[in-house]
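Working notes, beginning with the structure itself.
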Amino acid sequence: MYKFVQLGNKFYPQWDVTCGDCGSKMVLVTGDSIDRTLMYRCSRPECRCIHAAFPNGKPVGTPADQNTRSLRCVLHRILDPLWKDRHISRNRLYKRLAKRLGMSEEDCHVGKFNAKQCTKAIQVARRLSEDLQSQ
Ligand SMILES: [Zn+2]
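Going by the working numbering, the final residue of the sequence shown carries number 141, and the count climbs one at a time with no gaps.
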């Protein structure tokens with residue numbers, strides 16, 4: 007279910023998305039990046055959890071249990087600073103992640119990962135993070 011929210015001068019459907027980390031409601035926002043990508047952000051300010059959204063506002067990815075959602079959050083907390091702090095472009099980061107995980111770039115979206123894939127991706131992401139930040 008969704009209701010329409012106004013962002014800038016446009017209206018978007020905001021779907022019911024629950025934060026995988028703290029269980030709070032997530033709200034649709036435009037991101038800080040240059041392209042102003044739509045995303046869901048936890049309504050609790052201390053919680054930095056985000057969830058990807060399609061350009062039409064629909065949340066990306068398959069519904070996940072609490073455990074998987076928490077793991078996805080952990081993964082985002084490792085990956086997001088890498089491209090936000092410009093250690094690497096977002097595109098290249100996901101390309102490298104996909105390669106190291108042995109999956110296609112189309113499948114390499116945190117929102118699509120199950121718990122097992124998240125656990126593996128977290129290990130890979132930690133190594134990538136160490137590599138990039140020591141450069
Ligand atoms: Zn949260």
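Glycine included, C-beta positions come from ideal geometry on N, C-alpha and C.
*If you draw a straight line from the C-alpha of Lys64 to the C-alpha of Lys9, how long is it?*
Distance between the alpha carbons of Lys64 and Lys9 is about 11 Å.
*Quick one: what's Lys16 bridged to in DSSP?*
Leu13, per the DSSP bridge assignment.
*Distance cut-off 6 Å: Ser6 Cβ against heavy atoms of ligand 1*: Because the chain is modelled from 7 through 141, residue 6 falls outside the range shown and cannot be assessed.
*Would you say the beta carbon of Arg50 comes nearer than 6 Å to a heavy atom of ligand 2?*
Although ligand 2 was asked about, the structure shown includes only ligand 1 as ligands.
*asked:* Only counting the same chain, and skipping five residues up and downstream in sequence, which positions put a Cβ closer than 6 Å to that of Gly117?
replied: So the list reads Ala58, Val66 and Gly67, once near-sequence residues are dropped.
*asked:* I want to check one thing, is the minimum distance from the CB of Asp151 to the heavy atoms of ligand 1 below 6 Å?
replied: Here the chain covers residues 7 to 141 and nothing more, so residue 151 does not appear.
*Compute the distance between the beta-carbons of Ala104 and Leu77, then report whether it is under 7 Å.*
Contact flag unset, no.
*Local conformation of Val116 per DSSP, three classes*: Assigned with DSSP and collapsed to three states, Val116 falls in helix.
*Taking only heavy atoms of ligand 1 into account, decide whether any of them is closer than 6 Å to the Cβ of Cys53.*
The answer is yes for Cys53.
*Rounded to the nearest angstrom, how far is the Cβ of Ile84 from that of Ile128, given a contact under 8 Å?*
That pair is a contact at about 7 Å.
*If we count the other Cβ atoms within 10 Å of its Cβ and call it buried at 16 or more, is Met7 buried or exposed?*
Exposed: under 16 other Cβ atoms inside 10 Å.
*asked:* Tell me whether Ser30, by its Cβ, gets closer than 6 Å to a heavy atom of ligand 1.
replied: When distances are taken from the beta-carbon of Ser30 to the heavy atoms of ligand 1, the shortest one is below 6 Å.
*Indicate the three-state DSSP secondary structure (helix, strand or coil) for His57 in the structure shown.*
In the structure shown, His57 sits in a strand (DSSP, three-state: E or B).
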